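S.K.:
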Amino acid sequence: MRYSMDVQWKLLLLPFASMLSSSLCAPLQPSSPGLMGNCYDYEIPVITQTQAQIFGLPKFSDNFDVSGLFGNLIKRTPFNPFAGTQNVTGNYTISATFCSPKTLNGHEKTVLLATSGLGYDSRYWAPSMNPAAYSFVDYTLSRGYSIFVYDRLGTGKSTKSAVSGYSDPQASTQLAILKSLTDDLKKGLYAGDIGQPSKIVHIGHSYGSILTHTLVSTYPNISDGIVLTGQTTNVTDFPAFFEAARLDIANTVSPGKYQGLDSGYLVYADIIGNAAAFFHPGNYDKEILWYTQDIAQPSAIMEFITGQPKDLGSTEFTGPVMVVNGEFDGGNCAGDCNGVTESNKEMFKLASAFEAVVQPGAGHAINFCFNATGAYSAIMDFVTKNGL
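Residues -25 to -1, 1 to 363 in mature numbering (1 follows the signal peptide of the UniProt record, and there is no 0) are what the sequence shown spells out, letter by letter.
1) Going by the beta-carbon positions, is the gap between P56 and F35 smaller than 8 Å?
2) If I measure Cβ to Cβ from K162 and keep anything under 8 Å in the same chain, skipping five residues before and after, which residues do I get?
3) Please confirm whether Y165 and F73 have their CB atoms less than 8 Å apart.
4) Keeping to the same chain, check which residues put their C-beta closer than 8 Å to that of T157; ignore five residues upstream and five downstream.
5) With three or more C-beta pairs closer than 8 Å as the rule, is the segment 312 to 321 touching the segment 240 to 260?
6) Quick check: what's the CA-CA separation for I169 versus A350?
7) Please classify C74: does DSSP put it in a helix, a strand, or coil?
8) Where does N307 land, buried or exposed, given buried means 16+ other C-beta within 10 angstroms?
9) Return the first residue and the last residue of the beta strand (DSSP E) that D40 is part of.
10) Classify G167 as buried or exposed, calling it buried when 16 or more other Cβ atoms lie within 10 Å of its own Cβ.
11) Pull up the CB-CB distance for G305 and G257, whole angstroms please, since I reckon it's below 8 Å.
12) Under 8 Å, with one C-beta from each stretch per pair, do the segment 63 to 72 and the segment 127 to 141 reach the 3-pair mark?
13) Check whether the Cβ atoms of T187 and T25 sit closer than 8 Å, and answer yes or no.
14) Sort G12, D16, G46 by Cα distance to A219 and report the nearest one.
15) In the DSSP assignment, the alpha helix (DSSP H) including A166 goes from what residue to what residue?
16) Can you tell me the Cα-Cα spacing of L(-2) and Y17, whole angstroms?
17) Count the other CB atoms within 10 Å of the CB of A137; is the residue buried (16 or more) or exposed (fewer)?
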């Protein structure tokens, strides 16, 4: 896979996370020097100890079973797919990349730690197609900040086929991994050539925003600032996202593409489901839609059922908070985020600053809409003016 000409690089919910550990792995030279930044690739060992939910239903035998489960999940009456909890120790490898700017302006020791949402790996932040228009990594570096991106457990180059979609990749585990990576960055591990960061700003998209929200809710002092994209407290139409995405068992959609994954991993049935869930008509290039279809990452069923927005609560986080939504985000705002995005403020009453932005014309996948850099500009302006 070829990455940006500016920055060529090779190539994660609940308050259950506890003991974590990982070990140092720092290359002496950048693995991918680019015009604007130096990028370092890492394979990071992470050990987690969490209280995990147990999937309490029969495993999917076909896509009719998938449809049946989501039918139960979106109905008005309560439905419990779990069979209790258990203490679990996980041993994983997380693939990550750290990039620092070549042109220094005093902000390089502030690191944005980015977590992608369902359906994507770290390439959500650094697509190889037309990076000048879509790469958040490139834009961050152009503003003089450093950035750390990673593949969540079960996606990209992180541990995947060795973990079942019915167990490990769930909210508590993903939260524990995010906490571990944050702790390591604070120590100066996996931080390329900048040494120990002075500040860490967490940014997420969709499910990544849910994890980020839960991180600062559970550990209020862990972050210097957060940016939540593709997420609101208004979840009345969230079931529509599931229906629009038309999820099927991944290895039945593209035989051979997702080898080694069990039936607990799901992906859009086709590009139409991708378009309906993530894009808004008239505000995207079909070439980038096809690109996102090509890089689409299966999501574990346990991620869907353990990390829903309705589970989020208020926090004691005191840093600055920004929320960015696409104007026509169907899953978060019933297709109209105007006047809805501000609702997140109720969960961050102690925040030193709060800003809500609606990206005009965009759907759920803000990073792949026309004028994505407009959203990037608003985000980085927020980071800068709040002294991060």
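Ideal Cβ positions, reconstructed from N, Cα and C, are used throughout, including at glycine.
Note that this is a predicted model, so its numbers are computed, not measured.
M.R.: Put simply:
1) No, the Cβ-Cβ distance between P56 and F35 is not below 8 Å.
2) So the qualifying residues of the chain are Q171.
3) Taking C-beta atoms as the reference points, Y165 and F73 count as a pair closer than 8 Å.
4) Excluding residues within five positions, the ones whose Cβ falls inside 8 Å are L88, I175, H177, L190, I197, S198.
5) The segment 240 to 260 vs the segment 312 to 321: no contact.
6) Answer to the nearest angstrom: the Cα atoms are 27 Å apart.
7) Annotated three-state conformation of C74 is strand, per DSSP.
8) So N307 ends up on the buried side.
9) Where D40 is concerned, there is no enclosing beta strand (DSSP E), although the alpha helix (DSSP H) it sits in stretches over 38 to 48.
10) By the 10 Å Cβ count, G167 comes out buried.
11) G305 to G257, Cβ: 14 Å. No contact.
12) Contact holds: three or more Cβ-Cβ distances are below 8 Å.
13) The answer is no: Cβ separation not under 8 Å.
14) Checked all of G12, D16, G46; the closest Cα to A219 is G46.
15) Here A166 belongs to no alpha helix (DSSP H), and DSSP marks it neither H nor E.
16) Low local confidence applies: a pLDDT of 44 at L(-2) is under 50, so the model's placement there is unreliable, and no value is given.
17) Burial call: exposed.
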